[in-house]
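Enquirer:
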Amino acid sequence: MKKPRFDDIYMELAVNLSRRSHCIKAQVGAVLTRDTRIISIGYNGPPAGTHNCDEEFPEVGCPRDSKGSCSLALHAEQNAILYAAKNGSMVEGATLFVTLSPCIACARIIYSMKIARVVFLHSYARYKGIPLDEGVEFLRKFGVEVVSYQPSEGFEAAFIQGDPHL
Ligand SMILES: [Zn+2]
Ligand SMILES: [Zn+2]
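Going by the working numbering, the residue at position 141 of the sequence shown is 141; the numbering climbs one at a time, nothing skipped.
#1: Let me know the secondary structure DSSP gives Val15 once reduced to three states.
#2: How long is the line joining the alpha carbons of Lys128 and Lys3, rounded to whole angstroms?
#3: Looking at ligand 1, does it come within less than 7 angstroms of Ala105, judged from the CB to the closest heavy atom?
#4: Give the list of continuous alpha helix (DSSP H) stretches no shorter than 4 residues that lie fully inside the segment 38 to 62.
#5: Leaving aside the five residues before and after Ser123 along the sequence, list all residues of the same chain whose C-beta is less than 7 angstroms from its C-beta, in chain order.
#6: What residues come near ligand 1, if near means a beta carbon less than 5 angstroms from any of its heavy atoms?
#7: Could you tell me which residues DSSP puts in a beta bridge with Leu82?
#8: How many Å lie between Phe6 and Ser148 at the Cα?
#9: Given this structure, state the Cα-to-Cα distance separating Pro151 from Phe97, to the nearest angstrom.
#10: Count the other CB atoms, across all protein chains shown, that sit within 10 Å of the CB of Ser71; report buried if there are 16 or more and exposed otherwise.
#11: Check Pro164 in the structure and name its three-state DSSP category.
#12: Which value, in whole angstroms, describes the spacing of the CA atoms of Pro164 and Lys25?
#13: Using C-beta distances below 8 angstroms, list every residue in its chain close to Ile160, excluding the 5 sequence neighbours before and after it, in chain order.
#14: Please list, in chain order, all residues of the same chain as Glu145 whose beta carbon is under 6 angstroms from its beta carbon, the five residues on each side excluded.
#15: How many angstroms separate the CA atom of Leu13 from the CA atom of Val31?
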């Protein structure tokens, strides 16, 4: 039987983590790894101890910023990176798995933290209906490897079809 690669395992975990998000519009999960070990995880949402969008705004949804995103939430990548930094984990050279490709703001942070590789499941541009994945373009331009997740041959990535949010 074929063994799943770490890419398969960590992307599946990122999808599972996205289910923990309290944001109403988008639910995104992230796993930060180094040398194939997990150093941090995250999902999008307001900082711990502030709001739970689905509980506080069940009718109207998250308060939106000018681009239509939740104005309170830290993005999944930000939560994962901040936790690692706060705890003194070495982030340089890490690989980030994320269920939605990074927005431009997250891309700047990913680059600054010297994360080496990003694996994403869904396209942020497609989700937003905008022509260009500017976060992906930015990262590639400045030497960060960015790849769209492809399940290993023989690995049944049932979690991809199962995502109702994107
Ligand atoms: Zn929200
Ligand atoms: Zn972002």
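Where a beta carbon is used, it is the ideal one built from N, C-alpha and C, also for glycine.
Expert: The short version:
#1: helix
#2: 34 angstroms
#3: no
#4: 53 to 56
#5: Ser101, Asp133
#6: Cys23, Cys53, Cys62, Cys70, Ala73
#7: The partner list for Leu82 (beta bridge, DSSP) is empty, contrary to what the question assumes.
#8: 14 angstroms
#9: 13 angstroms
#10: exposed
#11: Only weak support exists for where Pro164 lies, its pLDDT of 48 falling under 50; the value from the coordinates is given anyway. Residue state, collapsed to three classes: coil.
#12: Unreliable placement is indicated for Pro164, whose pLDDT of 48 sits below 50; no coordinate value is reported for it.
#13: Val15, Leu121, Pro151
#14: Arg117
#15: 7 angstroms
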